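In the numbering used here, the protein residues as written are 1 to 183.
For reference, the structure discussed in these notes is given below.
Here it is, written out as structure tokens:
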């Protein structure tokens, strides 16, 4: 079984702001269409908004993420093959990422950090902590290895820290890098 630790978050908001090329930039709020879980004569319920629309007010508290994981584990007897930490924002910006990783490493399964551009990394050595706590895989939007381009297009305040962490991840884990082409 692959376990998902959904940390929530909003694209363009919980990722240090919209990049110049972000396709979420012009997205307008869409009302919930309704589903089988909605009360009679009402469109929109918690399930519609969070599970179908995947709309969150921001990052979820770590307690809520852990509670959701515990609920999944309680109803499954399968062996955990991989744990993915992901959400609507950039996982490197999740304020409780270290705590969550430390909790999940106790499950003794490789951890995959879902989408990150590294903008939440500020010191340049955060990757060491995650690698020492079970992170074996990272999905990283590099955009550019030139710090000036990252600052211009991504509004990355600490581009060198992000790139140093990327290098550390590349040296000790599987990194799935995404590139963005600007015409």
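Glycine residues also receive a C-beta, built at the ideal position from the N, C-alpha and C atoms.
Predicted model only: the values in this text are computed from it and were never measured.
Counting other Cβ atoms within 10 Å of its Cβ, residue 6 reaches 16 or more and is therefore classed as buried. Membership of residue 162 in the alpha helix (DSSP H) is indicated by the continuous run 159-172.
In the DSSP annotation of this structure, the continuous segment of the beta strand (DSSP E) that includes residue 115 starts and ends at 111-116. Residue 105 sits close to residue 133, with the two beta carbons spaced by under 8 Å. By a beta-carbon distance limit of 8 Å, residue 118 does not contact residue 13. Their separation comes to about 17 Å.
At the C-beta level, residue 124 and residue 16 stay beyond 8 Å of one another. Comparing C-alpha distances from residue 2 to each of 68, 70, 84, 44 shows the shortest one belongs to 84. By the Cβ test, the region 148-157 is not in contact with the region 94-101, since fewer than three Cβ pairs between them sit closer than 8 Å. Between residue 136 and residue 110 the beta-carbon gap is near 4 Å, inside 8 Å, which marks them as a contact.
Sequence-distant partners of residue 168 (beyond 5 residues in either direction) whose C-beta falls short of 8 Å from its own C-beta, in its chain, are 125, 127, 128, 131. Per DSSP, the continuous alpha helix (DSSP H) segment holding residue 68 begins and ends at 62-74.
Per the C-alpha coordinates, the member of 172, 100, 80, 166 positioned closest to residue 141 is 166.
Contact between residue 80 and residue 107 holds, with the beta-carbon distance rounding to 6 Å and staying under 8 Å.
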